[in-house]
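In my numbering, the protein residues as written are 659 to 807.
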């Protein structure tokens, strides 16, 4: 292939559909199939190994208290009061290898007040513990926001 085509190849992205997979996948892919026409592999090794680990998603329920929730993006002039009282049951979903270690202390529940002013609102609890962990089907938390100049 001419150098202009080769200069554009930084990496080779190969999509792989894992829909319906319930076991780990180990396979070799023929790389030539993924190259543009006129570009050829030189040498004897023209395959790439694909190893995909499939993990079952697990659920876990944790009880947290309103004061466990971090309030983010709160203006200095806003005072927050929890209307929601008592323990809040939080449902967590994620791969079994990660969800085992999620506890009330590691969940890092949070609510963002960005764009909110005085009033009473219901908020979804969020977390940024991991890209693979999510919170679902959890009661909303009601807060009263009061402007205090």
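Backbone N, C-alpha and C fix where the C-beta goes; we use that ideal spot for every residue, glycine too.
When only Cα atoms are considered, residue 789 and residue 757 end up about 12 Å apart.
Leaving aside the five residues that flank residue 687 on each side, the residues in its chain whose CB is nearer than 7 Å to its CB run, in chain order, 672, 705, 706, 708. Under the DSSP definition of a beta bridge, residue 769 partners with 729. Scanning the stretch 672 to 698 from its first residue to its last, the whole beta strand (DSSP E) runs of 3-plus residues come out as 683 to 688.
By the C-beta density criterion, residue 683 is exposed, having fewer than 16 other C-beta atoms within 10 angstroms.
The beta-bridge partner set that DSSP reports for residue 806 is empty. Within the same chain, and ignoring the five residues on either side of residue 800 in sequence, the residues whose Cβ sits closer than 6 Å to its Cβ are 741, 742, 780. By the beta-carbon neighbour count (other beta carbons within 10 angstroms, threshold 16), residue 767 is buried. Taking C-alpha positions only, residue 745 is separated from residue 681 by approximately 38 Å.
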